[in-house]
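Chemist:
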Amino acid sequence: MSMHWLDWVMVVAFFGVMLIIGFVSKKSVKNSADFFVGGGRIPWWLSGISHHVSGYSGVVFVGYAGIAYVNGISIYFWWAVNIAIGVSVAAIFIAPRWPRLRRSLGIQSPTEYLKMRYNQSTQVLIAISGIVVKLLDVGAKWASMGILLYGFTGMPIWIGIIVSSLVSLVYIAVGGLIADLWTDFAQFVVQIVAGLVLFIGVLIHLGDYGLNFFTVFSSLPEANTAVFNAGRGQGSLTWTLLYFFVIFFSYSGGTWNLAARFISTPNDNEAKKAAFLSAALYLVWPFVLFFPMWCGPLLFPGMTQGAAEANLYAMLTNKFLPIGLIGLVLSSMFANTLSMCTSDANTISAVLTRDIIPIFKPEMRNVESDDKKSLYYARLTTIVFTALTIIVALFRDQLGGVTGLILTWFAALLGPTAIPLILGLLPAFKHCDGRASFWSIIAGLSVFAATKLGLKFQPDIAVIAPLATSFIVFSGIGLYNKYMAKKPVSAEVEKLMVELS
Numbered sequence: 005m006s007m008h009w010l011d012w013v014m015v016v017a018f019f020g021v022m023l024i025i026g027f028v029s030k031k032s033v034k035n036s037a038d039f040f041v042g043g044g045r046i047p048w049w050l051s052g053i054s055h056h057v058s059g060y061s062g063v064v065f066v067g068y069a070g071i072a073y074v075n076g077i078s079i080y081f082w083w084a085v086n087i088a089i090g091v092s093v094a095a096i097f098i099a100p101r102w103p104r105l106r107r108s109l110g111i112q113s114p115t116e117y118l119k120m121r122y123n124q125s126t127q128v129l130i131a132i133s134g135i136v137v138k139l140l141d142v143g144a145k146w147a148s149m150g151i152l153l154y155g156f157t158g159m160p161i162w163i164g165i166i167v168s169s170l171v172s173l174v175y176i177a178v179g180g181l182i183a184d185l186w187t188d189f190a191q192f193v194v195q196i197v198a199g200l201v202l203f204i205g206v207l208i209h210l211g212d213y214g215l216n217f218f219t220v221f222s223s224l225p226e227a228n229t230a231v232f233n234a235g236r237g238q239g240s241l242t243w244t245l246l247y248f249f250v251i252f253f254s255y256s257g258g259t260w261n262l263a264a265r266f267i268s269t270p271n272d273n274e275a276k277k278a279a280f281l282s283a284a285l286y287l288v289w290p291f292v293l294f295f296p297m298w299c300g301p302l303l304f305p306g307m308t309q310g311a312a313e314a315n316l317y318a319m320l321t322n323k324f325l326p327i328g329l330i331g332l333v334l335s336s337m338f339a340n341t342l343s344m345c346t347s348d349a350n351t352i353s354a355v356l357t358r359d360i361i362p363i364f365k366p367e368m369r370n371v372e373s374d375d376k377k378s379l380y381y382a383r384l385t386t387i388v389f390t391a392l393t394i395i396v397a398l399f400r401d402q403l404g405g406v407t408g409l410i411l412t413w414f415a416a417l418l419g420p421t422a423i424p425l426i427l428g429l430l431p432a433f434k435h436c437d438g439r440a441s442f443w444s445i446i447a448g449l450s451v452f453a454a455t456k457l458g459l460k461f462q463p464d465i466a467v468i469a470p471l472a473t474s475f476i477v478f479s480g481i482g483l484y485n486k487y488m489a490k491k492p493v494s495a496e497v498e499k500l501m502v503e504l505s
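Going by our numbering, the residue at position 53 of the sequence shown is 57; the numbering climbs one at a time, nothing skipped.
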């Protein structure tokens, strides 16, 4: 496929706006606290929209488009509805604790509190494990962007990967989190406009065949209209229930860039409202987003899942959108992916700068006293991390492709690092110490390694096994400390639990 010149004008104009936002935001960035958490002054509505936008990327229009084409509406329930419920639960129990943590300890990265909560070895293990997880996750996002660019323009995938990642580096390295949040907002507005036009365009086309929003589902294959897929595995009832726990730990802050959205709000009430706004958007918007993909078997019959991943969304937009808006749709998807990747890069930079590098470079421990030096290291680590994710994207096929990276590697590796990070915020788990955290991570990662070496599980069990193992070990050692060893909780941890509550 090739785009009209007017579509290219829209793409260039949109990214011109992105760059302007980055350089305007630079005026608000004086030190690393501004760069990483917006100085703790981000309003709830902007944080909530950014949390929603940062929770998905071009993968939705590539890997998930193929799933929506083949399996139908089940993806709305096991993905979007699951997220809406998970974020709503997080709004009550987890989200308010993140800004309290920033006010109590002055943190700028989600893992910064772990040294005090557990010990330094736990902090380093979680930080390094989390960085590896995000290398895979962000690499998958760049790969999906390359595939989308290929579908729209015919540009080779590897060029699309490099171009998309380099564009993102400009505004995130200049404007930090504030630039990231405002570009999230801008692309969200564009995505709403473009998504609604595509939704209406597909409905009008279906009307020519006597179908409407309510009757179109009866014309789809029966399996495509089932809430849950039959049997076991992806999209089944068992998968959906188990995958909820992966989603809950991810969207409440186990995925660090999403934690940063809560950390950057002024107080616990603002963080709670931000989480509820994000949950509401996940309940409503994905239905509009997925509807054209669900109609794919009627509009473009006979495609395989792989073909749908590579071409479906580009075919939909080329068929049903007017010239100019196609470029805007590509821009919004481009920006959506950039948003998630740059927010990840920003947060990983915070972890590296605040938690990892000072261990090996002692002079970095007091870098906060020098605003220019703290910003230099913040931007340098952002650039290095992004470069590594590009390498992962280029070798995506060796790691299981885009969908494999997201649903297998990311979901399986997230749990072991998220368990101590999220549960460490709750007083109920205050007896879970550094030993509980350390061994829970090792146990969870070992289970995942065993599955890669030949241990067989049902697909739905495999995706939850590392997280479940980590939870059992973490809580088990905590119970032992409390009831068997009678080990007291340190005064420092007791004080933190009171402040977070």
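Positions of the beta carbon are idealized from the N, C-alpha and C atoms, including for glycine.
1) Quick one: is F461 buried, meaning 16 or more other Cβ sit within 10 Å of its Cβ, or exposed?
2) How long is the line joining the alpha carbons of A149 and F294, rounded to whole angstroms?
3) Since I426 contacts I98 with CB under 8 Å, what's their CB separation in whole angstroms?
4) If the criterion is Cβ atoms closer than 8 Å, does the pair I445 and S254 meet it?
5) Report the residue from V15, G235, H56 and E116 whose alpha carbon sits nearest the alpha carbon of I361.
6) Quick one: is the Cβ of G310 within less than 7 Å of any heavy atom of the ligand ADP?
7) Quick check: what's the CA-CA separation for M337 versus V66?
8) Less than 7 Å between C-beta atoms, sequence neighbours within five positions excluded: which residues of the same chain meet that for F203?
9) Assign V406 to buried or exposed, taking buried as 16 or more other Cβ atoms, counted over all protein chains shown, within 10 Å of its Cβ.
10) Over the uninterrupted alpha helix (DSSP H) stretch that includes I361, give me the two end residues.
11) Identify every run of the beta strand (DSSP E) within the segment 40-80, keeping only runs that are complete inside it and at least 3 residues long; order them along the chain.
12) Considering only their Cβ atoms, is the gap separating D272 from R104 smaller than 8 Å?
13) Evaluate contact between the segment 213-232 and the segment 319-330, counting only Cβ atoms and requiring at least three cross-stretch pairs below 8 Å.
14) Residue range of the alpha helix (DSSP H) that N86 falls in?
15) Mapping the DSSP letters down to three states, classify L3 as helix, strand or coil.
16) Rounded to whole angstroms, what's the CA-CA distance from L245 to I151? Just pull it up for me.
17) Need the endpoints of the alpha helix (DSSP H) that F266 sits in, please.
18) Do you know offhand how far S474's Cα is from L392's?
19) Taking C-beta to C-beta, are P305 and A84 nearer than 8 Å?
20) So, are the CB atoms of L129 and F442 less than 8 Å apart?
21) If D348 and N216 are in contact, beta carbons under 8 Å, what's the gap, nearest whole angstrom?
22) Report the rounded CA-to-CA distance for C299 versus V93, giving the unit in angstroms.
23) State the DSSP-derived secondary structure class of P225, mapped to helix, strand or coil.
24) Cα separation between I395 and K145?
25) Can you give the Cα-Cα distance for L210 and N75, rounded to whole angstroms?
26) Can you give me the Cβ contacts of L50 inside the same chain, cut-off strictly under 7 Å, excluding the 5 residues immediately before and after it?
27) State the Cα-Cα distance for the pair G404 and A397, rounded to the nearest angstrom.
28) What separation, rounded to the nearest whole angstrom, lies between the Cα atoms of M319 and F192?
29) If contacts are defined as beta-carbon pairs under 8 Å, then G70 and A312 qualify, I think. What distance do you get, rounded to the angstrom?
30) In the structure shown, what three-state DSSP assignment does P103 receive?
31) With a floor of 4 residues, list each alpha helix (DSSP H) that falls wholly inside the segment 286-318, ordered by position along the chain.
32) Since I believe P114 is in contact with I267 (beta carbons under 8 Å), could you give me their beta-carbon distance rounded to a whole number of angstroms?
33) Report buried or exposed for I96, applying the criterion of at least 16 other Cβ atoms within 10 angstroms of its Cβ.
34) Would S335 and F232 be called neighbours here (beta carbons separated by less than 8 Å)?
35) In chain order, what residues of the same chain lie with their CB nearer than 7 Å to the CB of L139, ignoring the 5 residues before and after it?
36) Rounding to the nearest angstrom, what Cα-Cα distance links T386 and T357 in this structure?
Modeler: On the basis of the data shown:
1) So F461 ends up on the exposed side.
2) A small correction: the amino acid at residue 149 is Met; Ala does not occupy that position in the sequence shown. The alpha-carbon of M149 is positioned some 18 Å away from that of F294.
3) I426 to I98, Cβ: 6 Å. Contact.
4) For I445 and S254, no; Cβs fall outside 8 Å.
5) It is E116.
6) Absence of the ligand ADP is noted for the structure shown, with no ligands found whatsoever.
7) Whole-angstrom Cα-Cα distance: 10 Å.
8) Cβ neighbours of F203 beyond the five flanking positions: V292, F295 and P296.
9) In this prediction, V406 has a pLDDT of 49, which is less than 50 and means its spatial position is unreliable; what the coordinates show is noted afterwards. By the C-beta density criterion, V406 is buried, having at least 16 other C-beta atoms within 10 angstroms.
10) It spans I361 to F364 - the alpha helix (DSSP H) in which I361 sits, taken as one unbroken run.
11) Correct list: empty.
12) In contact: R104 and D272 (Cβ atoms closer than 8 Å).
13) No, because fewer than three Cβ pairs between the segment 213-232 and the segment 319-330 fall closer than 8 Å, the two stretches do not touch.
14) N86 to F97 is the span of the alpha helix (DSSP H), which, as asked, contains N86.
15) Look at the range of the chain in this structure, 5 to 505, and you will see that residue 3 is not part of it.
16) Distance between the alpha carbons of L245 and I151: 31 Å.
17) Counting along the chain, F266 sits inside the alpha helix (DSSP H) bounded by residues W260 to I267.
18) Taking the CA atoms as reference points, S474 sits about 28 Å from L392.
19) It is not a contact, given that the beta carbons lie outside the stated cut-off.
20) Contact flag set, yes.
21) About 40 Å separates the two Cβ atoms, so there is no contact after all.
22) A straight-line Cα-Cα distance of about 32 Å links C299 and V93.
23) Assigned with DSSP and collapsed to three states, P225 falls in coil, not helix or strand.
24) Rounded to the nearest whole angstrom, the CA to CA distance from I395 to K145 is 12 Å.
25) Going from the Cα of L210 to the Cα of N75 covers about 20 Å.
26) Excluding five sequence positions before and after L50, the CB atoms of its chain that fall closer than 7 Å to its own CB belong to L185 and F189, given in chain order.
27) Because G404 carries a pLDDT of 49, less than 50, the predicted location of this residue cannot be relied on, and the following value inherits that uncertainty. Between G404 and A397, the C-alpha separation is close to 11 Å.
28) Roughly 22 Å separates the two Cα atoms.
29) Right, their Cβ atoms sit about 4 Å apart.
30) Reduced to three states, the DSSP call for P103 is helix.
31) Runs of the alpha helix (DSSP H) lying entirely within the segment 286-318 and spanning at least 4 residues, in chain order: 300-303.
32) Correct: roughly 7 Å between the Cβ atoms.
33) I96 should be labelled exposed.
34) Not in contact: S335 and F232 (Cβ atoms no closer than 8 Å).
35) For L139, where only same-chain residues beyond five positions count, the Cβ hits under 7 Å are L392, T393 and V396.
36) Put simply, the backbone Cα of T386 is about 10 Å away from that of T357.
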